[in-house]
Amino acid sequence: MSQHAPPAVGTHPAEDAARPPIGSRSLLGRLLDQHLGVILLLPSALTFLVLLVFPLGYGIYTSFLQRHVLDPEGVWVGLANYAWLFSNAEFWHSLWLSSLWAGVAVGLQIILGTAVALILHQPFKGRSLVRGLVLFPYMMPVVSVILVWMLLYNALYGVLNWLLVQSGIVDAPIAWLSQPGSAFWAVVYVGVWKYFPFVVVIVLARLQVIPQDLYEAARIDGAGAIARFIDITLHQIKDVLLVIALLRTIFMFNNFEIIFLLTGGGPLRSTMTLPILVYEQAFGLYEMGRGSAIAVVMFLILIAVMTIYFAFLRKEQD
Amino acid sequence: MANVRIDRLHKEFRGPTGTVHALQELTLDIADGEFVSLVGPSGCGKSTALRIIAGLEVPSSGRILFGPRDITKLEPRDRNIAMVFQSYALYPHMTVRQNLEYGLRKRGIGKEERARKVAAIAPMLRLETMLERKPRQLSGGQRQRVALGRALIRDPEVFLLDEPLSNLDAKLRVHMRAELAALHQKLRTTMIYVTHDQLEAMTLSDRIVVMNHGVMQQVGTPEEIYSRPANRFVAEFIGTPSMNMIEGELRIEGGRPVFQGPGIAVPLPQAPPRMPATPQATLGVRPEDIALVPPDAPGAIRAKVTVSELAGAERYHFIELGSGSVILRTPATTVLRPGETVALGLDPARLHLFAGAGEDAAALR
Numbered sequence: 001m002s003q004h005a006p007p008a009v010g011t012h013p014a015e016d017a018a019r020p021p022i023g024s025r026s027l028l029g030r031l032l033d034q035h036l037g038v039i040l041l042l043p044s045a046l047t048f049l050v051l052l053v054f055p056l057g058y059g060i061y062t063s064f065l066q067r068h069v070l071d072p073e074g075v076w077v078g079l080a081n082y083a084w085l086f087s088n089a090e091f092w093h094s095l096w097l098s099s100l101w102a103g104v105a106v107g108l109q110i111i112l113g114t115a116v117a118l119i120l121h122q123p124f125k126g127r128s129l130v131r132g133l134v135l136f137p138y139m140m141p142v143v144s145v146i147l148v149w150m151l152l153y154n155a156l157y158g159v160l161n162w163l164l165v166q167s168g169i170v171d172a173p174i175a176w177l178s179q180p181g182s183a184f185w186a187v188v189y190v191g192v193w194k195y196f197p198f199v200v201v202i203v204l205a206r207l208q209v210i211p212q213d214l215y216e217a218a219r220i221d222g223a224g225a226i227a228r229f230i231d232i233t234l235h236q237i238k239d240v241l242l243v244i245a246l247l248r249t250i251f252m253f254n255n256f257e258i259i260f261l262l263t264g265g266g267p268l269r270s271t272m273t274l275p276i277l278v279y280e281q282a283f284g285l286y287e288m289g290r291g292s293a294i295a296v297v298m299f300l301i302l303i304a305v306m307t308i309y310f311a312f313l314r315k316e317q318d
Numbered sequence: 001m002a003n004v005r006i007d008r009l010h011k012e013f014r015g016p017t018g019t020v021h022a023l024q025e026l027t028l029d030i031a032d033g034e035f036v037s038l039v040g041p042s043g044c045g046k047s048t049a050l051r052i053i054a055g056l057e058v059p060s061s062g063r064i065l066f067g068p069r070d071i072t073k074l075e076p077r078d079r080n081i082a083m084v085f086q087s088y089a090l091y092p093h094m095t096v097r098q099n100l101e102y103g104l105r106k107r108g109i110g111k112e113e114r115a116r117k118v119a120a121i122a123p124m125l126r127l128e129t130m131l132e133r134k135p136r137q138l139s140g141g142q143r144q145r146v147a148l149g150r151a152l153i154r155d156p157e158v159f160l161l162d163e164p165l166s167n168l169d170a171k172l173r174v175h176m177r178a179e180l181a182a183l184h185q186k187l188r189t190t191m192i193y194v195t196h197d198q199l200e201a202m203t204l205s206d207r208i209v210v211m212n213h214g215v216m217q218q219v220g221t222p223e224e225i226y227s228r229p230a231n232r233f234v235a236e237f238i239g240t241p242s243m244n245m246i247e248g249e250l251r252i253e254g255g256r257p258v259f260q261g262p263g264i265a266v267p268l269p270q271a272p273p274r275m276p277a278t279p280q281a282t283l284g285v286r287p288e289d290i291a292l293v294p295p296d297a298p299g300a301i302r303a304k305v306t307v308s309e310l311a312g313a314e315r316y317h318f319i320e321l322g323s324g325s326v327i328l329r330t331p332a333t334t335v336l337r338p339g340e341t342v343a344l345g346l347d348p349a350r351l352h353l354f355a356g357a358g359e360d361a362a363a364l365r
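Top line first, the protein sequences correspond to chains L and G. For the first sequence, full-length UniProt numbering puts the final residue at 318, and the numbers step up evenly by one. For the second sequence, full-length UniProt numbering puts the final residue at 365, and the numbers step up evenly by one.
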């Protein structure tokens, strides 16, 4: 990327030659000439530092402290918080749950989103309306969505249970959100439902720019519908699916509000993913240092995911 | 190998703004091994016709036969055709070899047989050194050859080409045109070629089909189309610069037919066998059929030069004639100055007379 960045004014040899001899301009003029690029970059660079680098650095620093709400100064404990973390079964349990949550939810979002995009790519009456409606879950505020789903899942008067009992599929209502076995999957389902439209939008946009000629050439070459999907569609949308997988993984791995609002991490820690564990440590037990240490580990895991992704991408492009 | 019979093929598209007749009652017999071009301006129905032959579009009515076989309702894959697209439509993630093989693979042909066929086709199109490359690593001309190879390898009964040269630059286009001609000479497969470039049609084809607004205007050899255009549209579409058209009236004066244009009168060698009902007519003369003659030559028409253009080996002179303008084509050595008055002679044997003034005005002969 760096070679594409515009060179600072005055550093370009051709411009040096065209410039009038030194001394014919004011000092301010020359200063502007030489540092205009830096001056123009400063506002965004400062914003970046204040809003991104400082909180990140502060978070990392905090992870080396034992800091309690009663002791806001904190005591330097080095790696003690990390040592506590890695020897703690709850942390490993949450790491596993987070990975499962991100992996399963993203996988299902991609499968469902791609399938819906393929359907919405076909011409049919009312397609524009349906394309708009599909965005509905994605556009709804999370809190409203969660309230609706809590109603749907409710064991006493939930619509889902009513339907299941009425149709004779189950004998008694299921307490979806209060049983360790079902709570996790109920939460995953809401996560998929809420965010699959993101996949639909991007895949649909990509589908629309696949040259029609390719499908026609394949038809003449003798490829049936399934072969055309695998040999053309899938290869054409592969790149956006990878980008989606990365973006959604980062997003879902960090996602806090869906699980927190639906189950708060329970029952019996069965939905206690890392972001909720951070919350519990930092704001439930007031252990800021431990909370920060978990957050730093999450950050490093995501950096690792991105590194693998970009290495893979580079290999693809060669 | 097969002859192709196109029988009253009709295609209409129904849209919110009404029905468009893209193709109207096209009937055409193409002999086995013949090279036939469909030529015409954008929207004339030539591509629709080709796509129906390929099976990519369903005709509204009519039939297509390959030999005795009615293929109108068959899927593209069952027609034993191959098609070359304007965009080449190479599979971007596959290597040249995989692109070439794809059609064979989908037909369940084994690995060794496929490799043998690729090895046979590659030298013909000079692709041997690039078999393991991806399409995006190839130049336009190379991609074009892969597209041809992908069609050739299947050994199809009929070869369909949809503007295959129009994405190439001018020099490469001339080169690929010659390669295509050589390929047809060698293979003698029936080829149906769609182009808007009349020069491609003229140089490549055994026969040309000129189309306009979904209707076949004329079918004939390049010579026939050029020297005996059936109507004003064909006359103007084929040839560069375009045939000069002078609108006027056809009259009999003193027992002899005369074309009376704005400010000029041209005696005609003979009256058309059947005089049209109305005198309105158009006189057509090709830029090379106008000669510079001595001012005192019989029948010489005096006119003023407005502009002269040098086009390499020849010159095009724009000349005021009556109240209109004609183009005269001469060797580059003939220099005329703007403003100069010249005497023109029209070769009476090479005049074209059309009944009426519209583009569908039929030739009178």
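Using N, Cα and C, we set each Cβ at its ideal position, and we do this for glycine too. All of these numbers come straight from a predicted model, not from anything done at the bench.
Burial state of residue i, where buried means 16 or more other Cβ atoms lie within 10 Å
i	result
residue 94 of chain L	buried
residue 112 of chain G	exposed
residue 294 of chain G	exposed
residue 70 of chain L	exposed
residue 90 of chain L	exposed
residue 157 of chain L	exposed
residue 140 of chain L	exposed
residue 47 of chain G	buried
9 Å Cβ cutoff met for residue i and residue j
i	j	result
residue 159 of chain G	residue 84 of chain G	yes
residue 235 of chain L	residue 92 of chain G	yes
residue 269 of chain G	residue 322 of chain G	no
residue 63 of chain L	residue 253 of chain L	no
residue 194 of chain G	residue 161 of chain G	yes
residue 212 of chain G	residue 356 of chain G	no
residue 272 of chain G	residue 259 of chain G	no
residue 105 of chain L	residue 269 of chain L	no
residue 134 of chain L	residue 120 of chain L	yes
residue 42 of chain G	residue 208 of chain G	no
residue 146 of chain L	residue 54 of chain G	no
residue 291 of chain G	residue 336 of chain G	no
residue 354 of chain G	residue 364 of chain G	yes
residue 67 of chain G	residue 26 of chain G	no
residue 231 of chain L	residue 218 of chain L	yes
Local conformation of residue i per DSSP, three classes
i	result
residue 74 of chain G	coil
residue 366 of chain G	Examination of residue 366 of chain G is not possible in this model, given that chain G is present from 1 through 365 alone.
residue 125 of chain L	coil
residue 114 of chain L	helix
residue 55 of chain G	coil
residue 331 of chain G	strand
residue 315 of chain L	helix
residue 288 of chain L	helix
residue 155 of chain G	coil
residue 202 of chain G	helix
residue 13 of chain G	strand
residue 345 of chain G	strand
residue 404 of chain G	Since the first and last residues shown for chain G are 1 and 365, residue 404 of chain G lies out of range.
residue 326 of chain G	strand
residue 58 of chain L	helix
residue 6 of chain G	strand
residue 163 of chain G	coil
residue 6 of chain L	Its pLDDT being 47, under 50, residue 6 of chain L is placed unreliably in this model, and the value from its coordinates should be taken loosely. Reduced to three states, the DSSP call for residue 6 of chain L is coil.
residue 140 of chain L	coil
residue 1 of chain L	Here residue 1 of chain L scores only 39 on pLDDT, less than 50, and its place in the model should not be relied on; the value that follows carries that caveat. Note: residue 1 of chain L maps to coil in three-state DSSP.
residue 132 of chain G	coil
Distance between beta carbons of residue j and residue i, contact taken as under 8 Å
i	j	result
residue 285 of chain G	residue 244 of chain G	5 Å
residue 125 of chain G	residue 154 of chain G	That pair is no contact at about 14 Å.
residue 141 of chain G	residue 172 of chain G	5 Å
residue 167 of chain L	residue 174 of chain L	Between residue 174 of chain L and residue 167 of chain L the Cβ distance is about 13 Å, and since that is not below 8 Å, they are no contact.
residue 204 of chain G	residue 180 of chain G	6 Å
residue 384 of chain G	residue 90 of chain G	Outside the displayed range of chain G (1 to 365) lies residue 384 of chain G, so it cannot be described from this structure.
Residue i - partner residues in DSSP beta bridges
i	result
residue 76 of chain L	L:65
residue 260 of chain G	G:249 and G:265
residue 167 of chain L	Answer by DSSP bridge pairing: none, since residue 167 of chain L is not bridged.
residue 280 of chain G	G:249
residue 304 of chain G	G:320 and G:341
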